[in-house]
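Q: One line per chain: the protein sequences are A and B, in this order. The first sequence maps to residues 4 to 117 in our numbering. The second sequence maps to residues 100 to 213 in our numbering. Sending over a structure as structure tokens; questions will come in a sec.
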Amino acid sequence: KQEVTQIPAALSVPEGENLVLNCSFTDSAIYNLQWFRQDPGKGLTSLLLIQSSQREQTSGRLNASLDKSSGRSTLYIAASQPGDSATYLCAPQDPDQAGTALIFGKGTTLSVSS
Amino acid sequence: DAGVTQSPTHLIKTRGQHVTLRCSPISGHKSVSWYQQVLGQGPQFIFQYYEKEERGRGNFPDRFSARQFPNYSSELNVNALLLGDSALYLCASRGPGVNTGELFFGEGSRLTVL
Numbered sequence: 004k005q006e007v008t009q010i011p012a013a014l015s016v017p018e019g020e021n022l023v024l025n026c027s028f029t030d031s032a033i034y035n036l037q038w039f040r041q042d043p044g045k046g047l048t049s050l051l052l053i054q055s056s057q058r059e060q061t062s063g064r065l066n067a068s069l070d071k072s073s074g075r076s077t078l079y080i081a082a083s084q085p086g087d088s089a090t091y092l093c094a095p096q097d098p099d100q101a102g103t104a105l106i107f108g109k110g111t112t113l114s115v116s117s
Numbered sequence: 100d101a102g103v104t105q106s107p108t109h110l111i112k113t114r115g116q117h118v119t120l121r122c123s124p125i126s127g128h129k130s131v132s133w134y135q136q137v138l139g140q141g142p143q144f145i146f147q148y149y150e151k152e153e154r155g156r157g158n159f160p161d162r163f164s165a166r167q168f169p170n171y172s173s174e175l176n177v178n179a180l181l182l183g184d185s186a187l188y189l190c191a192s193r194g195p196g197v198n199t200g201e202l203f204f205g206e207g208s209r210l211t212v213l
């Protein structure tokens, strides 16, 4: 059974810092991996999709890497801003059930102060 | 273009009642998934439907059921509600295939069971 762990669980940083969020998963036979952000009480907003054949993906100030063999992904946020405050979730696409399901960790809650 | 839309946004039920949640996918998306997110946890996969057929099912009791209509919209039904069913229910869609492409979520339906 796929399990996803995200470290740290919470993170507080001043505006302008660069930061790294970590995600590990137990079954390396994943299809793809997606990173999301979730604001309190809201739905999930997709940030990046990393295909299984890719090692990284970039969008603006965000860069995500994927190392399937070690079961790890990282999300790098450059020059953090208060608007980045949210919970960040990583979700590998599980090979069970023909890849129909994303498996989520509990997320990392980020707070960026101005 | 409209994103994934869900209704109702909030609802309150009592134990033993039945609830129906509705979802419209992004135009052109044929795959719809349902997730349950209890407070403090990551979303947990319930079902995926593609072309009106169930393609994946998570570890939920038979009180949970779903269906997809010819226009690709979907309903999630939960019978005999329990207090533990209180959660944010998220619908997501992807295209073009059953398990390829980025997954996009709606804002969710917040269910409270008293």
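Just so it is clear, CB atoms sit at the ideal spot from N, CA and C, and this is done for glycine as well. Since the structure is predicted, the reported quantities are computational estimates derived from the model, not experimental observations.
Of all the CB atoms in chain A, is at least one closer than 8 angstroms to the CB of B:Val212?
A: Your numbering for residue 212 of chain B matches position 113 in the second sequence. By this cut-off, B:Val212 is not an interface position.
Q: For A:Leu78 and B:Pro107, I'd like the C-alpha separation in whole angstroms.
A: Walking along the first sequence from the start, residue 78 of chain A turns up at place 75. Walking along the second sequence from the start, residue 107 of chain B turns up at place 8. The straight-line gap from Cα to Cα measures roughly 33 angstroms.
Q: Taking a cut of 7 angstroms between CB atoms, which residues from the region 101–126 of chain B lie near chain A?
A: Residues: none.
Q: If the cut-off is 7 angstroms on Cβ atoms, which residues from the region 18–50 of chain A count as contacting chain B, listed in chain order?
A: Answer in chain order: Tyr34, Gln37, Lys45, Gly46, Leu47, Ser49.
Q: Cutting at 7 angstroms between CB atoms, please list the residues of its own chain near B:Glu150, excluding the five before and the five after it.
A: The residue you call residue 150 of chain B lines up with position 51 of the second sequence. So the list reads Lys129, once near-sequence residues are dropped.
Q: Looking at the C-beta of A:Gln100, does it have a partner C-beta in chain B at a distance below 8 angstroms?
A: The residue labelled residue 100 of chain A in the question sits at position 97 within the first sequence. So, interface residue.
Q: Tell me the DSSP bridge mates of B:His109?
A: Translated into the one-based positions of the second sequence, residue 109 of chain B becomes position 10. For B:His109, which the question treats as bridged, DSSP gives the partners B:Arg209.
Q: Under 8 angstroms between beta-carbons, which chain B residues line up against A:Gln57? List them in chain order, please.
A: Position 54 of the first sequence holds residue 57 of chain A. Chain B residues near A:Gln57: none, gap ~13 angstroms exceeds 8 angstroms.
Q: Verify whether the separation of the beta carbon atoms of A:Cys26 and A:Gly108 is less than 8 angstroms.
A: What you label residue 26 of chain A is simply residue 23 of the first sequence in a count that begins at 1. What you label residue 108 of chain A is simply residue 105 of the first sequence in a count that begins at 1. In contact: A:Cys26 and A:Gly108 (Cβ atoms closer than 8 angstroms).
Q: Mind checking if A:Ala104 is an interface residue toward chain B, Cβ cutoff 8 angstroms exclusive?
A: Taking the first sequence and counting its residues from 1, the one referred to as residue 104 of chain A is at position 101. Chain B, which has a Cβ nearer than 8 angstroms to the Cβ of A:Ala104, makes this yes.
Q: Straight-line CA distance for A:Trp38 to B:Leu110?
A: Counting from 1 along the first sequence, the entry for residue 38 of chain A is found at position 35. Counting from 1 along the second sequence, the entry for residue 110 of chain B is found at position 11. Taking the straight line joining both Cα atoms gives about 29 angstroms.
Q: From A:Asp99 to A:Ser117, what does the alpha carbon distance come to, in whole angstroms?
A: Locating residue 99 of chain A in the first sequence gives position 96, counting from the first residue. Locating residue 117 of chain A in the first sequence gives position 114, counting from the first residue. Cα-Cα distance, rounded: 43 angstroms.
Q: Can you confirm whether the region 178–192 of chain B touches the region 10–28 of chain A when touching is taken to mean that 3 or more C-beta pairs between the two stretches lie within less than 8 angstroms?
A: No, the region 10–28 of chain A is not in contact with the region 178–192 of chain B.
Q: Does the beta carbon of B:Gly194 come closer than 8 angstroms to any beta carbon on chain A?
A: As a first step, residue 194 of chain B must be located in the second sequence, where it is residue number 95. Not closer than 8 angstroms to any Cβ of chain A, the Cβ of B:Gly194 fails to qualify, so no.
Q: Output, in chain order, the set of chain A residues within a Cβ distance shorter than 9 angstroms of B:Val137.
A: Working through the second sequence from its first residue, we reach residue 137 of chain B at position 38. Those within 9 angstroms of B:Val137 in chain A number zero; the least Cβ separation is about 11 angstroms.
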